[in-house]
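First the structure, in the form of structure tokens, and then the observations on it.
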Amino acid sequence: MSDVGGARRRTAGRIVEVEAYVGPHDPASHAYGHRRTPRTEQMYGAPGTAYVYFTYGMHWCLNAVTEAEGYPAAVLIRALEPLAGLETMRRRRGARTPDRRLCAGPARLCEALAVTGALNGASLRRGALRVMRGSPRPGVVVVGPRVGITQGADWPLRFCLKGSLWLSR
DNA sequence: ACGCAGATTTTCT
DNA sequence: GAAAATCTGCGTT
């Protein structure tokens, strides 16, 4: 990750919580019913790119675009276990945040990693913002309902690392 | 510990 | 006009 226009400082963490938004038939997706607007445009982009959107008049949220170009689907990154650049994360979020909450939530993690709309459409394979492959052993990923939505709230598309101390809420 | 108002953009009704 | 893939600060138990 980097501070755009400022000192580039590496921050990194292990993804411990995500939610999937699986296509135009997903009522909770921004692209439900093939909605195609300036905001949702990036959901239709190439897989392996970032979809970063602004919400609640305040917060940025980071997604990985997951399906073929033209098919709107993405995975919302909801929480990280901070692994590197903790000092930088604390500085970006301010002294107000205890370490346990630095990246516990989609908007918190964006602030800790300096992710903003400037990174919408950026590659997640190379460049300032990267998602690395992991290999969780069978049984350590637990599934549950998605958070903060009403439409399709019961779809089991939230995935967490079991027992992680770094989950949101 | 819990609950709620407030921040104020994008999108749809 | 209102709800939304959220979080914070301040109030009350």
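Numbered per the working numbering, the first sequence spans residues 239 to 407. Glycine included, every Cβ here is placed at the ideal spot set by N, Cα and C. A quick note: this is a predicted structure, and the numbers were derived from the prediction, not measured.
Check: Tell me, which residues are paired with A302 by DSSP?
Finding: Here the question's residue 302 lines up with position 64 in the first sequence. Beta-bridge pairing links A302 to A288 and V313.
Margin query: For a test of your reading of the model: does the CB of H297 fall under 7 Å from any non-hydrogen atom of the ligand ADP? Yes or no.
Written below: Looking at this structure, you won't find the ligand ADP or any other ligand, since it has none at all.
Next item on the list: Please confirm whether P344 and L314 have their CB atoms less than 8 Å apart.
Entry: Mapped onto the first sequence, residue 344 falls at position 106. Mapped onto the first sequence, residue 314 falls at position 76. Yes. Within cutoff.
Next item on the list: Assuming G286 and L351 form a contact by the criterion Cβ under 8 Å, report the distance between their Cβ atoms to the nearest whole angstrom.
Entry: Position 48 of the first sequence, counted from the start, is the residue given in the question as residue 286. Position 113 of the first sequence, counted from the start, is the residue given in the question as residue 351. Not a contact, Cβ separation roughly 18 Å.
Margin query: Does the structure place the region 260–275 close enough to the region 304–314 that three or more beta carbon pairs sit under 8 Å?
Written below: The region 304–314 makes contact with the region 260–275; the number of CB pairs closer than 8 Å reaches 3 or more.
Note to self: Relative to the C-alpha of V369, which candidate in R346, Y289, A333 and V381 has its C-alpha closest?
What the structure shows: Counted from its first residue, the first sequence places residue 369 at position 131. Distances from the alpha-carbon of V369 to those of R346, Y289, A333 and V381 put Y289 closest.
Check: In terms of residues, what are the limits of the alpha helix (DSSP H) holding E325?
Finding: Working through the first sequence from its first residue, we reach residue 325 at position 87. Element bounds for E325: L324 to R331.
Margin query: Let me confirm a value: P320 is counted as buried when at least 16 other C-beta atoms fall within 10 Å, else exposed. Which label applies?
Written below: On the first sequence, position 82 is the one that residue 320 refers to. Label assigned to P320: buried.
Checklist line | From L340, G283, G390 and A284, residue whose alpha carbon lies closest to that of A250 | finding: Working through the first sequence from its first residue, we reach residue 250 at position 12. Residue nearest to A250 within the set L340, G283, G390 and A284 is L340 (criterion: CA-CA distance).
Margin query: Using the three-state DSSP reduction, which class does G372 fall into: helix, strand or coil?
Written below: As a first step, residue 372 is located in the first sequence; it is residue number 134 there, counting from the start. Here G372 sits in coil by DSSP.
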